[in-house]
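Report on the following structure.
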Amino acid sequence: MAFPQRKNIKEEKRQQLIIVGSKNPVKINSTDIGFHAAFESAFLVEGLNVSSEVSDQPIGYEETYLGAFNRAKNAKQVFPEADYWVGIEGGINEENNEMYAFAWVVIMDRKGRVGKAKTATFYLPSIVSDLVKEGKELGEADDQVFMKDNSKQGSGAVGILTSGVVNRKDYYSQAIILALIPFLNESIYQ
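Written as structure tokens, this is what we have:
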């Protein structure tokens, strides 16, 4: 995956601290990849369990975005000493009786700026979407159908369905870089 040329922001004597509003290793690693691809700075990325304040399986763009926003906001409230706070929330939606998956990313910084982006979408097979309609989270449905264990902290549906061609870290990392656009272009995003 080709990343944009990194922006050289002012180097500080200390590493900049990024808090991800989740302990999910995929979300932490993809945040690390995205920030390091976008900036020529030293970052320390840590995860923190915070509430999304939405359903365990968010449905629709609004609820999923709100989950990502709340994760970033709640991480900031719990650990205000950080430089950036990141919320990542996966969700599903339906269109023409088909279900698709996506995720929202929200990034906040010390200056009060907010960056946001959504991942690409991909459609789920009915064998998986039927289980989600019955009340299972997407990760649980994937585990049941594909005989996996805790796939939401691994390859996820996108990795399973693409046979690893698109891994979940790259899938989220691209959206993290897109959510960093306001921070990469401070003079035109105020």
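Numbers 202 to 391, taken from the working numbering, label the letters of the sequence shown in order.
All C-beta atoms, glycine included, are put in the ideal place defined by N, C-alpha and C.
Decide if Lys393 is buried, meaning its Cβ has at least 16 other Cβ atoms within 10 Å, or exposed.
With the chain covering 202 to 391 only, the question about residue 393 has no answer from this structure.
With burial defined as no fewer than 16 other Cβ atoms inside 10 Å of the residue's Cβ, what is the status of Thr322: buried or exposed?
exposed
Classification of Pro259 by the beta-carbon crowding that lies within 10 angstroms, buried from 16 upward:
buried
Beta-carbon contacts of Thr265 that lie in its chain and below 6 Å, excluding the five residues immediately before and after:
Only Pro259, Glu290, Gly292 and Trp305 meet the Cβ criterion.
Do Val227 and Gly357 have their beta-carbon atoms positioned less than 8 Å apart in this structure?
yes
If I'm right that Asn271 touches Ser252 with Cβ under 8 Å, what's the distance once you round it to whole angstroms?
7 Å
With 16 other Cβ atoms within 10 Å as the buried cut-off, status of Asn351:
Flag for Asn351 reads exposed.
Tell me the DSSP secondary structure of Tyr373 in three-state form.
helix
Buried or exposed: where does Phe384 fall if 16 or more other Cβ atoms within 10 Å of its Cβ makes it buried?
Phe384 is buried by the Cβ-count criterion.
Beta-carbon proximity check, Ala376 vs Ala302, cutoff 8 Å:
For Ala376 and Ala302, no; Cβs fall outside 8 Å.
In whole angstroms, what is the alpha-carbon distance linking Lys277 and Val329?
35 Å
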